[in-house]
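**Student:**
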Amino acid sequence: MYDAVTHYTSLWMNQELIDAIAELDEEKALRIMNQALAEGTPPLEILNAGQIAMSVVGERFEKQEYYLAELMMAGELLKQISDIIKPKMNASEAEVNPKGRIVIGTVRGDVHNIGKDIVVFMLEMNGYDVYDLGVDVPEEAFLKAVREIDPGMVCLSGLLTTIFPVFRSTIEALEKAGLRNRVKIAVGGGQVDEKVREYTGADGYGSLAVTAVTLANQWMG
Amino acid sequence: MSKNQTMYELRLKRFEDAIALKEPDTTPVAPWVDGLPYFLYPELGVTHKTALYDHAKAMEAHIRYHREFEPDANCTNSMFLCGKAADFLEPTMMDWPGRKGTPLPDESIYQMFEIEHMRADEYDELIGDYSKFILTKYLPRAFKGLRGIENFRIDPSVCIMNLPLTPIAAPDVQGALTKLIEYGRIQAQADEVFLKFIGGMIDLGFPPIFAAYGESPFDVISDYFRGTMGMLYDQVERPEKIKEACAFFADIQIEKYVAMKDAPLPVRRVFFPLHKGMDGFISDEQYRDLYWAPFHRILARLIDMGYTPIIYTEGSYETRCAFIREKLLEFPPGSCMIHFESGDFAALKKMFQGIACIFGGVPMQMLEYAEKDKIVDRVKYLIDNCAAGGGYVLDASGAIEIAKRENIEAMFETARTYGKAR
């Protein structure tokens, strides 16, 4: 039987939770979540509120009201909530359908990880299943990952201008192995631009982490 | 006066005029170079590994580059680190070509890792007792070779004769102290070679672009203490601690510069690469309060002592320009140089006209991949829009590693001919 009080309490609670996450108020968000669980709110509803909060955070980032720090904090908070909520969900509810699979790595000869890690984080927060191959990843490791994981997108990361030839050789290796047309490829790093994309033969490029999400949404969303 | 001395004076004046916002005889050309000379002269067999381990040999490549292209300043960026010293201390913050077991090729420049050498809850320890924190926590974390130093103590509970010093007798502490002494010896030898290089380049007619080096306090904490990720969390969770630590590091840095107030340096310029202030990384408010405010104090003190800070912004800085312009207006005109990696240089020139000398403008990617005529057009555009009245130095968007030889030739050639004819 429809219970208006429960319904509106739940909506109110969800909005409070959304606001708390979007305001990055960890203590308040966890308190509301626990209260909601105790009062029998379905876990999936709580998780959905978390996802809505993340889109609010995303909008604030685009409007430059929030910056990278706030984005990372909100993501961490949502992860905390998911870690508590998911064990309480039944198997079919907990089964999340990712928007797509993405393989990422910093290419051979480059051991920088920060830019790549931020991209991984953003892609995961946007619902993609990300396979991070780490740093100094040789061509063969990308080939193996594409064969085994069958991703929709491969992200090649690198900070140094000297590793652009490795972007290219990695893409050529995928081409030779007959895997090139199975995936969209993005090259990324602080010094990457359209000229670099053209030289490497990639489908897209980005010098900012959020561009990876834009490209993924274009290609797989 | 020898030809080299004459050229030295001419280049120095050209550069100083540009900084002072006076019309120089021609637009100064001073591209920062990392591995470019190694790339241009492969027959010398010099790589970044050579630059770290065989300084004298690497110098040959830089000397040849300067003789061939005759830049207006020695902007060598890759010649001042010592691989042998690093092998000895084993810094955890970076990897470098030549390190035993490194995956990096010899041609790669050193690469930085960002490791959390200070935990989020350790700001108070750092600020409260800097020496103790550095000695017993930072050094053993940041240098594998110094791990024993963490047990360094002076024990005040028994103070008879030498007894307070007995903790130093512990083998691990002795090992670390012995390493520090040996490191000092290796570094002193390397410094001698580096100074010889700078002196040798002066003798050849090329003034160094800067005489000292610093970082904004925010970057120091982010790059070497908390790491980018740690710092991003701190920006939300404990910005007041960042503020305290930045103020503290600014004081320490100012002390260093005050000590060199009357030092007989060939140029009075201090170089500051800015790492973590780029668009999107930090809010305008935090950029103002956490990033710029302590850095501004450093700039102010240096300018007061007659030094020119070289502010080298990295990454996109479009949203910061107006703010920086306002802040630089607090100094006398021509007090600073400011480099931009990207952006509309005609607009940047207008923005900083009568305030500061801007430099940069030739994208590195263009030097590596574009056709020669594109370089010619770009250099002409920069000279047309930025050179009038001084206040501009032609440079690439970053320190150059690889480029087409013909593009480097075109960049210098066009700047020399078009820059003078204007």
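Going down the list, the sequences are from chains U and H.
Using the numbering used here, read the first sequence as starting at 1478 and increasing by one per residue.
Using the numbering used here, read the second sequence as starting at 187 and increasing by one per residue.
For glycine and all other residues, C-beta sits at the position ideal for the given N, C-alpha and C.
(1) For a cutoff of 7 Å on Cβ pairs, would you count aspartate 281 of chain H as touching chain U?
(2) Listing by chain order, which chain U residues have their CB less than 9 Å from the CB of isoleucine 609 of chain H?
(3) Residues in the same chain with beta-carbon distance under 6 Å from alanine 362 of chain H, minus the five sequence neighbours each way, listed in chain order, please.
(4) Check for me: the beta strand (DSSP E) holding methionine 523 of chain H runs from which residue to which?
(5) How long is the line joining the alpha carbons of aspartate 292 of chain H and isoleucine 588 of chain H, rounded to whole angstroms?
(6) Which one or two residues does DSSP pair with serine 1634 of chain U in a beta bridge?
(7) Are the C-beta atoms of glutamate 276 of chain H and some chain U residue less than 7 Å apart?
(8) Please list the residues of the stretch 1662-1679 of chain U that have a C-beta atom closer than 9 Å to any C-beta atom in chain H, keeping them in chain order.
(9) Determine which residues of the stretch 537-562 of chain H have a Cβ less than 8 Å from any Cβ of chain U, and write them out in chain order.
(10) What are the start and end residues of the beta strand (DSSP E) that includes threonine 499 of chain H?
(11) List, in chain order, every chain U residue whose beta-carbon is nearer than 9 Å to that of lysine 236 of chain H.
(12) Let me make sure I understand the geometry here. Which of U:Ala1689, U:Lys1621, U:Thr1638 has the alpha-carbon closest to that of asparagine 1603 of chain U?
(13) Can you name, in chain order, every residue of its own chain whose Cβ lies under 8 Å from the Cβ of tyrosine 659 of chain H, other than the five neighbours on each side?
(14) Using a beta-carbon distance below 7 Å, is serine 469 of chain H in contact with chain U?
(15) Can you list, in chain order, the residues of its chain with a C-beta nearer than 6 Å to that of valine 1631 of chain U? Leave out the 5 residues immediately preceding and following it.
(16) Taking 7 Å as the CB-CB limit, is isoleucine 407 of chain H close to chain U?
(17) From U:Gly1577, U:Asp1627, U:Met1599, U:Val1669, pick the residue whose C-alpha is nearest to that of leucine 1651 of chain U; which is it?
(18) I need the DSSP call for isoleucine 544 of chain H, collapsed to helix, strand or coil.
(19) Would a C-beta distance cut-off of 7 Å place isoleucine 1591 of chain U and glutamate 300 of chain H closer than the cut-off?
(20) For a quick check, are the C-beta atoms of leucine 312 of chain H and phenylalanine 404 of chain H less than 7 Å apart?
(21) What are the start and end residues of each continuous beta strand (DSSP E) run of 3 or more residues lying completely inside the stretch 1586-1658 of chain U, in chain order?
(22) Can you tell me which of the three DSSP states alanine 277 of chain H falls into?
(23) Determine, using beta carbons only, whether isoleucine 295 of chain H and histidine 234 of chain H come nearer to each other than 7 Å.
(24) Whose CA, out of H:Met193, H:Thr212, H:His248, H:Pro518, lies closest to the CA of serine 264 of chain H?
(25) Run through the DSSP bridge pairs and tell me what leucine 580 of chain H is partnered with.
(26) Can you name the start and end residues of the beta strand (DSSP E) that tyrosine 1682 of chain U belongs to?
(27) For leucine 1600 of chain U, which of U:Val1584, U:Met1549, U:Val1614 has the nearest alpha-carbon?
(28) Please return the same chain residues whose Cβ sits closer than 8 Å to the Cβ of aspartate 281 of chain H, not counting the five positions on each side in sequence.
(29) Could you check where the alpha helix (DSSP H) with arginine 474 of chain H kicks off and where it finishes?
(30) On the DSSP bridge list, what partners appear for valine 456 of chain H?
(31) What does DSSP give as the partner residues of threonine 262 of chain H in its beta bridges?
(32) Going by other Cβ atoms of all chains shown within 10 Å of its Cβ, with 16 needed for buried, is aspartate 1613 of chain U buried or exposed?
(33) Does the contact criterion of 3 or more C-beta pairs under 8 Å hold for the stretch 524-533 of chain H versus the stretch 466-483 of chain H?
(34) Residues of chain U with a CB under 8 Å from the CB of tyrosine 419 of chain H: which are they?
(35) Hey, out of U:Met1566, U:Gly1552, U:Thr1677, U:Gln1695, whose CA is closest to arginine 1657 of chain U's CA?
(36) Check the Cβ-Cβ distances between glycine 1611 of chain U and every residue of chain H, and say whether any is below 7 Å.
**Tutor:** In this structure, then:
(1) As a working note, residue 281 of chain H is residue 95 in the second sequence. Cβ-Cβ to chain U under 7 Å: yes for aspartate 281 of chain H.
(2) With chain H represented from 187 up to 608, any question about residue 609 of chain H goes unanswered, as that position is not in the structure.
(3) As a working mapping, residue 362 of chain H is identified with position 176 in the second sequence. Hits under 6 Å: Leu332, Gly334, Ile335.
(4) One-based indexing of the second sequence puts residue 523 of chain H at position 337. Unbroken beta strand (DSSP E) run through methionine 523 of chain H: 523-526.
(5) As a working note, residue 292 of chain H is residue 106 in the second sequence. As a working note, residue 588 of chain H is residue 402 in the second sequence. In a straight line, the C-alpha of aspartate 292 of chain H is about 14 Å away from that of isoleucine 588 of chain H.
(6) Counted from its first residue, the first sequence places residue 1634 of chain U at position 157. Bridge pairing for serine 1634 of chain U: U:Thr1583, U:Gly1665 [DSSP].
(7) Residue 276 of chain H sits at position 90 when you count from the first residue of the second sequence. Taking Cβ atoms only, chain U never reaches closer than 7 Å to glutamate 276 of chain H, which makes this a no.
(8) Of all residues in the stretch 1662-1679 of chain U, Gly1667, Gln1668, Val1669, Asp1670, Glu1671, Lys1672, Val1673, Glu1675, Tyr1676 have a Cβ within less than 9 Å of some Cβ in chain H.
(9) So the list reads Pro549, Met550, Gln551, Met552, Glu554, Tyr555, Ala556, given in the order they occur along the chain.
(10) As a working mapping, residue 499 of chain H is identified with position 313 in the second sequence. Following the DSSP letters along the chain, one finds threonine 499 of chain H inside the beta strand (DSSP E) bounded by residues 494-499.
(11) If you number the second sequence from 1, residue 236 of chain H lands on position 50. Checking the sequence, you will find threonine at residue 236 of chain H rather than lysine. Contact annotation for threonine 236 of chain H against chain U: no contact, minimum CB-CB distance about 15 Å [criterion: below 9 Å].
(12) Walking along the first sequence from the start, residue 1603 of chain U turns up at place 126. Of the candidates U:Ala1689, U:Lys1621, U:Thr1638, the one whose C-alpha sits nearest the C-alpha of asparagine 1603 of chain U is U:Ala1689.
(13) The structure shown does not extend to residue 659 of chain H, since chain H spans only 187 to 608, so no value can be given for it.
(14) Taking the first residue of the second sequence as position 1, residue 469 of chain H is located at position 283. Answer yes: the Cβ-Cβ gap between serine 469 of chain H and chain U drops below 7 Å somewhere.
(15) Position 154 of the first sequence holds residue 1631 of chain U. If we look at valine 1631 of chain U and ignore the five residues flanking it on each side, its Cβ neighbours are Val1580, Val1660, Ile1662.
(16) Counting from 1 along the second sequence, the entry for residue 407 of chain H is found at position 221. No, isoleucine 407 of chain H lies away from the interface with chain U (no Cβ there is under 7 Å from its Cβ).
(17) Taking the first sequence and counting its residues from 1, the one referred to as residue 1651 of chain U is at position 174. When C-alpha distances from leucine 1651 of chain U are compared across U:Gly1577, U:Asp1627, U:Met1599, U:Val1669, the shortest belongs to U:Asp1627.
(18) Residue mapping note: residue 544 of chain H aligns to position 358 of the second sequence, counting from 1. DSSP places isoleucine 544 of chain H in strand when its eight states are reduced to three.
(19) To locate residue 1591 of chain U, count along the first sequence from 1; it is residue 114. To locate residue 300 of chain H, count along the second sequence from 1; it is residue 114. At a Cβ-Cβ threshold of 7 Å, isoleucine 1591 of chain U and glutamate 300 of chain H count as neighbours.
(20) The residue labelled residue 312 of chain H in the question sits at position 126 within the second sequence. The residue labelled residue 404 of chain H in the question sits at position 218 within the second sequence. Pairing leucine 312 of chain H with phenylalanine 404 of chain H gives a Cβ-Cβ distance that is not under 7 Å.
(21) If only uninterrupted beta strand (DSSP E) runs of at least 3 residues are considered, those enclosed by the stretch 1586-1658 of chain U are 1606-1609, 1630-1634.
(22) For this step, residue 277 of chain H is matched to residue 91 along the second sequence. It should be pointed out that residue 277 of chain H corresponds to proline in this sequence rather than to alanine. Proline 277 of chain H carries a strand assignment under DSSP once its states are collapsed to helix, strand and coil.
(23) Reading the second sequence from its first residue, position 109 is the one you call residue 295 of chain H. Reading the second sequence from its first residue, position 48 is the one you call residue 234 of chain H. Yes.
(24) Along the second sequence, read from residue 1 onward, the residue named residue 264 of chain H stands at position 78. Closest option to serine 264 of chain H, Cα to Cα, is H:His248.
(25) Here the question's residue 580 of chain H lines up with position 394 in the second sequence. Note: leucine 580 of chain H sits in a beta bridge opposite H:Val215, H:Gly546.
(26) Here residue 1682 of chain U corresponds to residue number 205 of the first sequence, with the count starting at 1. For tyrosine 1682 of chain U, the uninterrupted beta strand (DSSP E) run begins and ends at 1681-1683, by DSSP.
(27) For the purposes of this step, residue 1600 of chain U is identified with residue 123 of the first sequence, where counting begins at 1. Restricting attention to U:Val1584, U:Met1549, U:Val1614, the CA atom closest to the CA of leucine 1600 of chain U is found in U:Met1549.
(28) Start at 1 with the first residue of the second sequence, and residue 281 of chain H comes out as number 95. Cβ neighbours of aspartate 281 of chain H beyond the five flanking positions: Thr288, Pro289, Leu290, Tyr296, Gln297, Phe299.
(29) Looking up residue 474 of chain H in the second sequence gives position 288. Looking at the DSSP string, arginine 474 of chain H is not in any alpha helix (DSSP H), and its letter there is neither H nor E.
(30) Locating residue 456 of chain H in the second sequence gives position 270, counting from the first residue. Valine 456 of chain H pairs with H:Ala398, H:Pro495.
(31) Within the second sequence, the letter at position 76 stands for residue 262 of chain H. According to DSSP, threonine 262 of chain H bridges with H:Val219.
(32) The residue you call residue 1613 of chain U lines up with position 136 of the first sequence. Aspartate 1613 of chain U should be labelled buried.
(33) Touching, no.
(34) Position 233 of the second sequence, counted from the first residue, corresponds to residue 419 of chain H. Ordered by position in chain U, the residues that pass the 8 Å Cβ test against tyrosine 419 of chain H are Ala1546, Met1549, Met1550, Glu1553.
(35) Sequence index remark: in the first sequence, residue 1657 of chain U carries index 180 (1-based). Per the C-alpha coordinates, the member of U:Met1566, U:Gly1552, U:Thr1677, U:Gln1695 positioned closest to arginine 1657 of chain U is U:Thr1677.
(36) Your numbering for residue 1611 of chain U matches position 134 in the first sequence. Closer than 7 Å to the CB of glycine 1611 of chain U there is not a single CB belonging to chain H.
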